[in-house]
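These notes are about the structure you will find just below.
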Amino acid sequence: LIVSNYHILKPPNMLRNTFQSGYLSLLFSLGNNPLQIWDKHASKGTIQILEDDDIKSEVIELSSNTVCETFISCPISSQDVLAIKLPFLILVIRNMEKYFSFEIHVLDSTGVQRRFCVNNFQTCCRIKPEICTVPLRMEPGWNTVQFNLMDFTKRAYGTNFIEAQRIIIYANCRVRRVFFSDKPYREDEIPINATIIIYNVRRIFLKRSRIPCKMDYYACKCKTLCSCYIAVLVSNKTGIDLMPSLNYNFKLNIALMNWGYLCTSPSKYLMINARSDNLFKVKKYEEAMMMNRRCVILADGYYETCQETNKKHFMFLPAPPEYSMKVIGEDERYNRRLMHMAGIFIENNQTDDKAGFSFVIITVDASESVSKIHSRMPAILETDEDVLKWLNPDEYPSTVAARLLKPVECNVMETNVKIHCHVPDKDGSIQMRITDFMKPPSTKKQKC
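Following full-length UniProt numbering, the numbering of the sequence shown begins with 1 at its first residue and continues without gaps.
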């Protein structure tokens with residue numbers, strides 16, 4: 001994960017007269033001592049730091065048969081208060097499929113301390129003078145929980161939120177991050193290391209050639225840097241370990257990156273592709289290859305405009321016959337398997353107006369099936385072995401790995417992008433759902 005700077009929390013009860021804005025972190029599981037300002041209580045349970053199987057990173061686990069007897073609380077002393085005025089509490093936690101609860105104590109405009117108890121074992125909200133219980137529903141795996149303290153205080157008690165004074169996290173859960181923010185943020189605005197992007201790499205990577213992919217992927221086009229992040233596959237050997245760990249064995253990671261290099265000369269434009277024959281000729285491409293910053297972009301497929309007819313076509317890899325499903329009617333989606341596109345990435349400069357990393361997709365001469373539509377196509381790593389070779393520079397240096405970049409035969413299907421294209425956002429970007437292009441064009445004429 002890409003780490004960004006955070007406010008460093010001062011000793012409890014020292015923030016009341018401090019200017020607060022942006023993000024204020026209370027807990028980060030990868031810190032040197034993540035529970036330094038937290039009180040720990042585990043009379044009939046355990047509180048431990050371990051590596052989560054999904055994100056391959058250290059997290060804090062609270063486990064107990066009795067929820068209320070194992071917890072962590074901040075601040076440590078019951079006589080101190082946090083005095084945090086930021087109204088949004090965000091927790092990045094994993095659903096352990098067991099009873100779980102957390103509490104947040106706030107001070108309202110009447111000078112009364114209110115307690116909000118959030119749990120997953122109650123089905124309705126109960127309001128009492130000093131405590132309000134709120135039901136919580138979580139998805140399986142990792143969740144980002146955003147709690148609007150200002151809104152809940154107003155709706156429950158008709159008063160205004162003044163400050164957060166204490167937070168208590170009970171068993172059973174795994175915790176990655178706990179922080180406060182000054183306003184609600186979209187998923188793409190939250191700092192990278194405060195979010196968890198989960199893909200079951202084992203299921204996607206090892207079984208992608210045996211089962212059709214059922215995930216929805218989003219493509220984004222814009223004139224400047226993309227306003228959203230895209231999930232790419234990397235390893236701890238590709239130039240920089242985006243998910244730090246004490247384990248230096250080869251492992252795969254999922255990271256979020258911007259799509260496209262921003263060039264400032266001669267005019268500001270976005271480079272989203274890199275020709276395979278220019279990888280060692282263009283300075284930015286050569287630097288990425290020499291630093292072994294190689295990645296794999298996960299996709300359902302891609303669309304391309306025919307250079308002669310100007311019609312839109314969708315390219316995808318078909319699923320094996322034994323796993324294909326019958327296609328009934330024009331609304332059925334075609335079966336396909338996950339596509340792995342080879343890419344390279346660089347670290348953004350401060351002048352790029354984007355933090356973190358950016359990638360480009362490597363292109364090669366089109367295969368026979370695609371050449372009828374366009375002269376170029378993404379470099380697709382067709383087998384699991386090719387993906388491992390591309391992401392393991394220790395055994396396959398850049399000059400050797402470049403031999404993996406070759407055309408691959410794809411299924412080509414004509415589609416009408418105008419019908420399925422969403423309205424452009426305010427920043428000028430157009431976001432389209434790839435699966436919307438999987439419908440065969442209707443025989444009836446449609447107005448665009």
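Cβ atoms here follow ideal geometry from the backbone N, Cα and C, with glycine treated the same way.
Best match in the options for proximity to residue i [C-alpha to C-alpha]
i	options	result
Ile-254	Leu-298, Tyr-285, Met-291	Leu-298
Gln-79	Thr-66, Tyr-99, Asp-39	Asp-39
Phe-359	Lys-372, Phe-345, Val-370	Phe-345
Arg-337	Glu-287, Ser-21, Glu-382, Ile-72	Glu-382
Glu-97	Asn-143, Asn-292, Cys-68	Asn-143
Leu-270	Val-67, Leu-91, Arg-403, Ile-361	Ile-361
His-105	Val-67, Glu-139, Phe-152	Phe-152
Lys-183	Leu-404, Asn-292, Tyr-23	Tyr-23
Gln-113	Tyr-157, Lys-283, Phe-357	Tyr-157
Asn-348	Asn-119, Asn-32, Asn-258	Asn-258
Thr-133	Asn-119, His-340, Pro-140	Asn-119
Phe-121	Leu-26, His-374, Cys-68	Cys-68
residue 451	Ser-25, Ala-171, Val-92, Asp-52	Outside the displayed range of the chain (1 to 448) lies residue 451, so it cannot be described from this structure.
Leu-404	Pro-318, Gly-356, Gly-343, Val-370	Gly-343
Phe-357	Lys-281, Lys-128, Ile-230, Pro-397	Ile-230
Ile-272	Lys-312, Lys-311, Thr-363	Thr-363
Lys-281	Asn-32, Asn-33, Thr-399, Asn-148	Thr-399
Val-385	Tyr-396, Arg-376, Ser-375	For the record, residue 385 in the displayed sequence is Glu; it is not Val. Ranking Tyr-396, Arg-376, Ser-375 by Cα distance to Glu-385 puts Tyr-396 first.
Lys-311	Glu-368, Ala-274, Ile-380, Val-412	Val-412
Short Cβ contact (8 Å threshold) for residue i with residue j
i	j	result
Ser-64	Lys-44	yes
Asn-392	Ser-235	yes
Phe-180	Ala-164	yes
Ala-402	Leu-279	yes
Phe-88	Ile-169	no
Glu-304	Ile-373	yes
Val-387	Val-296	yes
Asp-52	Arg-94	yes
Ser-261	Lys-284	It should be pointed out that residue 261 corresponds to Tyr in this sequence rather than to Ser. Closer than 8 Å, so yes.
Leu-256	Leu-233	no
residue 458	Arg-177	Given a span of 1 to 448 for the chain in the structure shown, any question on residue 458 remains unanswerable.
Rounded Cβ spacing between residue i and residue j (contact assumed at less than 8 Å)
i	j	result
Cys-74	Ile-167	5 Å
Val-59	Arg-174	5 Å
Pro-407	Tyr-302	Incorrect: roughly 14 Å between the Cβ atoms, too far for contact.
Ile-76	Ile-47	That pair is no contact at about 14 Å.
Leu-30	Ser-57	7 Å
Leu-135	Thr-123	A quick correction: the sequence has Pro, not Leu, at residue 135. The Cβ separation is near 6 Å, so the contact holds.
Arg-293	Trp-390	Their Cβ separation, rounded to whole angstroms, is 12 Å, which puts Arg-293 and Trp-390 out of contact at 8 Å.
Phe-316	Met-339	7 Å
Local conformation of residue i per DSSP, three classes
i	result
His-7	Caution is warranted here: a pLDDT of 40 is assigned to His-7, below 50, making its placement in the model unreliable, and no coordinate value can be reported.
Lys-40	strand
Phe-152	helix
Gln-20	coil
Asp-108	strand
Val-81	coil
Cys-68	helix
Asp-365	strand
Ala-379	coil
Tyr-157	helix
Tyr-261	strand
Glu-287	helix
Val-360	strand
Glu-97	coil
Arg-337	strand
Glu-395	coil
Ser-276	helix
Residue i versus residue j: straight-line alpha-carbon distance, rounded
i	j	result
Cys-125	Ala-83	26 Å
Asp-394	Ala-366	29 Å
Arg-137	Gln-146	12 Å
Glu-414	Phe-314	6 Å
Phe-100	Ala-42	15 Å
Arg-115	Gln-20	22 Å
Ile-49	Ile-55	14 Å
Cys-410	Pro-318	8 Å
Thr-159	Val-81	20 Å
Glu-308	Met-290	38 Å
Leu-107	Ile-162	6 Å
Ile-127	Asp-300	47 Å
Thr-110	Ala-288	58 Å
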